[in-house]
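Student: Starting off with a structure, shown below.
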Amino acid sequence: MKKTSLYTLPVLCACLLLGSSKPVGGADGTTAELEAALATIEAVEIGSDVRFLSSDDLAGRDTPGPGLKLAARFIQARIQRLGFKPGAGEDFLQEYPLRHRAIDLSRSAFSVETSAGESLRLRFDEDYLFTNGEVWDHTIEAGLIGAGKGEREDIEGRDYSGKWALCVDSGRHAGLRRRLLMQAGAVGVIVLPNAELPDQKRREKIRRSAMWAKRGSIEFPEAELEKVTVERPAADYFHQVYLTEAGFNQLAARIGSSNVEELAIPGRQLDWTAKDERFLPGEGGVIEVENVCGFWPGSEPELARDVILISAHYDHVGTRDGKIYNGADDNASGTSGLLAIAEALATHGPLRRSVMLIWVSAEEKGLFGSQAWVESPTLPPGSRAICNINIDMIGRNEPGELYITPSENHRKFNTLGKLAAEFSPLEGFEELGDADAYYERSDHANFARMGIPVAFLFNGEHEDYHQPTDTYEKIDTDKIRRVSRLVLRMIAALQSDNLDL
Ligand SMILES: [Zn+2]
0 MKKTSLYTLP VLCACLLLGS SKPVGGADGT TAELEAALAT IEAVEIGSDV RFLSSDDLAG
60 RDTPGPGLKL AARFIQARIQ RLGFKPGAGE DFLQEYPLRH RAIDLSRSAF SVETSAGESL
120 RLRFDEDYLF TNGEVWDHTI EAGLIGAGKG EREDIEGRDY SGKWALCVDS GRHAGLRRRL
180 LMQAGAVGVI VLPNAELPDQ KRREKIRRSA MWAKRGSIEF PEAELEKVTV ERPAADYFHQ
240 VYLTEAGFNQ LAARIGSSNV EELAIPGRQL DWTAKDERFL PGEGGVIEVE NVCGFWPGSE
300 PELARDVILI SAHYDHVGTR DGKIYNGADD NASGTSGLLA IAEALATHGP LRRSVMLIWV
360 SAEEKGLFGS QAWVESPTLP PGSRAICNIN IDMIGRNEPG ELYITPSENH RKFNTLGKLA
420 AEFSPLEGFE ELGDADAYYE RSDHANFARM GIPVAFLFNG EHEDYHQPTD TYEKIDTDKI
480 RRVSRLVLRM IAALQSDNLD L
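Numbering (numbering that gives the first Met the number 0), first residue to last: 0 to 500.
Right, here's the structure in full:
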């Protein structure tokens, strides 16, 4: 059940009497269509969207991740049903490449084959580790030679050409060991755990680094795609594999010996081969992620070429150490607000100018989704973006607390800021605070690089910002409703013939 505006009925009647096709507005100068559209925006409905988007099932909407994909499809289904046009060519989803430097666990493995034909396949993180600096597409298969504790006297004067060096962890000199073994021709080192070693801190460090190898880093491909593929010359490459206790115990069971020192006697040839296969996700680390774009065409042929961009990022920071970062305020709030605006536009019908709603991904990784859009804008031929309003974190803090950038103190202050100041008291924000310190911190910063005016609406930071405690229960859904209404009022005010932005 939608709320009914006080103004809707009388205004519609007046229109009929006047025979006008354009209904005159409510008391504050709004049209009947706008009143009806504003009334479509409801806190309860917004709340259900925030609840879904910030649910544990979406695992914090990390870029990349299944939770993010699910969120994108949810948004797409909603705007498609509302009658939006695909905003990325034939599609609602704009795919763009990112480079994910992480270990692809589904394809990577370390396996050992003994002379007796026994083979053992170990699992990364549980059975073996390597550090995050060593994540590349690369495979090495070679025989093994013992190399003691990897000390100078164990290595110098011996030939390790084309072989894995098998070392007992000495707890020190890893850099020196690596250099000496490379000089001696080894392709890599397999480090066996040393039960007598007191230095747990170092192993902990390796484990943490391995965790980062799993999570990886996300980069925006600056160069053309061919150059993105991560390739490291084999000559430079020296694999280091640390077997964990669990990994070594499996090996010991197969070979019937758990005597690490005996296994690693310097110069002792073992009749085994070891294969280390490391793969980045996708093609050499290049993965595709998505922005969701919905287009709401304008009705006046000339003005419809002007496209108003409204954006919110739908990604968050994912799951860390088993804790889900739900990102209810950041930015399930803005994502849901944008969905509410989509519904309101569907109720309103076409405006004179066109509107593109963009839910971007990878904001938390470095504003990459908006960067990708700005580098390849998905605008219909002949049209141009004229401005951007970006909403990110609009459901927390005091009900009347809302900030904007560029504020009037900022050199980029523009008409959007004036409109926001004019309409915000109508939605319970007596005065907008200044968020100029955040001018570079969300997606509007990228849209501004197109040379268009932007406005960023934001509720300010709070103690749950980027914490697992940014959850649904704390969200002020009525605040999201009012910010969404404010944005809709701003969009509606951008329809005059001679618009001066
Ligand atoms: Zn955010």
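We put the beta carbon where it would ideally sit given N, CA and C, even for glycine.
#1: Which residue's Cα is closest to the Cα of S118: T272, N258, D158, A343?
#2: Using the Cα positions of L337 and A164, report the straight-line distance between them to the nearest angstrom.
#3: For D328 and D475, what's the separation of their Cα atoms in angstroms?
#4: Would the beta-carbon of N497 be found less than 6 Å away from any heavy atom of ligand 1?
#5: Would you please state the rounded distance, in angstroms, between the beta carbons of I403 and A419? I believe it to be under 8 Å.
#6: Heavy atom of ligand 1 less than 6 Å from the Cβ of D442, yes or no?
#7: For my contact list, P467 and K364 are in at a C-beta cut-off of 8 Å; report their separation, rounded to the angstrom.
#8: Name the residue from E125, S310, M210, G145 whose alpha carbon lies nearest to the alpha carbon of G266.
#9: Going by C-alpha to C-alpha distance, which of D168, K200, E342 sits closest to Y241?
#10: Taking 6 Å as the cut-off, is the CB of N445 close to at least one heavy atom of ligand 1?
#11: Here's a check: name, in chain order, each residue in its chain whose Cβ is nearer than 8 Å to the Cβ of T243, leaving out the five neighbours to either side.
#12: Taking 6 Å as the limit between beta carbons, can you name the residues of its chain near T228, skipping five residues before and five after?
#13: Which residues bound the beta strand (DSSP E) around A454?
#14: Could you please give the first and the last residue of the uninterrupted beta strand (DSSP E) stretch that includes H312?
#15: Report the residue ranges of all beta strand (DSSP E) runs contained in full by the region 208-291; include only those spanning at least 3 residues, in chain order.
#16: Taking the Cβ atom as the reference point for each residue, do S382 and R448 lie within a distance shorter than 7 Å?
#17: Give me the pocket residues for ligand 1, defined as CB within less than 5 Å of any heavy atom, sorted by chain position.
#18: DSSP state of L505, grouped into three classes?
#19: Using the rule of at least 16 other Cβ atoms within 10 Å of the residue's Cβ for burial, across every protein chain shown, is M489 buried or exposed?
#20: Using a threshold of 7 Å, state whether the C-beta atoms of N330 and A343 are closer than that.
#21: Among R60, Q268, A35, V354, which one has its Cα closest to the Cα of Q494?
#22: From L175, G184, L179, P85, pick the residue whose C-alpha is nearest to that of G161; which is it?
#23: Looking at Q93 and C292, is the spacing between their C-beta atoms short of 7 Å?
#24: If you follow the alpha helix (DSSP H) that V373 is part of, which residue opens it and which one closes it?
#25: Going by DSSP in three states, K84 sits in which element: helix, strand or coil?
#26: Nearest CA to the CA of S296: which residue from E261, K213, R351?
#27: Which two residues bound the contiguous beta strand (DSSP E) that contains M489?
#28: Would you grab the beta carbon distance between Y313 and A70 for me? Rounded to a whole angstrom, and I think it's under 8 Å.
#29: Tell me the DSSP secondary structure of V354 in three-state form.
#30: Within 10 angstroms of its Cβ, does V23 collect 16 or more other Cβ (buried), or is it exposed?
#31: Between which residues of its own chain and I154 is the CB-CB distance below 7 Å, once the five residues before and five after are set aside?
#32: What residue range is occupied by the uninterrupted beta strand (DSSP E) comprising S110?
#33: How would you write the range of the beta strand (DSSP E) that G145 sits in, first residue to last?
#34: State the CB to CB distance for the pair N413 and G59, rounded to an integer number of angstroms; the pair is presumed to be in contact (CB under 8 Å).
Tutor: Taking the definition as stated:
#1: T272
#2: 57 Å
#3: 9 Å
#4: Outside the cutoff, so no.
#5: The pair is a contact, with the Cβ atoms about 5 Å apart (cut-off 8 Å).
#6: Not one heavy atom of ligand 1 lies closer than 6 Å to the C-beta of D442.
#7: That belief does not hold up - the Cβ atoms of P467 and K364 are roughly 18 Å apart, past 8 Å.
#8: That would be G145, whose Cα lies nearest to the Cα of G266.
#9: D168
#10: no
#11: Taken in chain order, the residues that qualify are E125, D126, Y127, L128, P192.
#12: With a pLDDT of 48 at T228, under the threshold of 50, the predicted position of this residue should be treated as unreliable, though the coordinate-derived value follows. Excluding sequence neighbours, T228 sits near G283.
#13: 453-457
#14: 305-312
#15: 216-218, 238-242, 268-277
#16: no
#17: D329, N330, D391
#18: Residue numbering for the chain in the displayed model covers 0 to 500; residue 505 lies beyond these limits and cannot be assessed.
#19: So M489 counts as buried.
#20: By the CB criterion at 7 Å, N330 and A343 fall outside the cutoff.
#21: V354
#22: It is G184 whose Cα lies nearest to the Cα of G161.
#23: yes
#24: 367-374
#25: strand
#26: Sequence check: residue 296 is Pro here, not Ser. Selected option, being the one with the closest Cα: R351.
#27: Per DSSP, M489 is not a residue of any beta strand (DSSP E); the alpha helix (DSSP H) it occupies stretches across 476-491.
#28: 5 Å
#29: strand
#30: Bear in mind that a pLDDT of 47 at V23, under 50, signals an unreliable position, so the number given afterwards is only what the model happens to contain. Exposed: under 16 other Cβ atoms inside 10 Å.
#31: A146, L179, L180, A183
#32: 108-112
#33: 137-145
#34: The Cβ separation is near 34 Å, so there is no contact.
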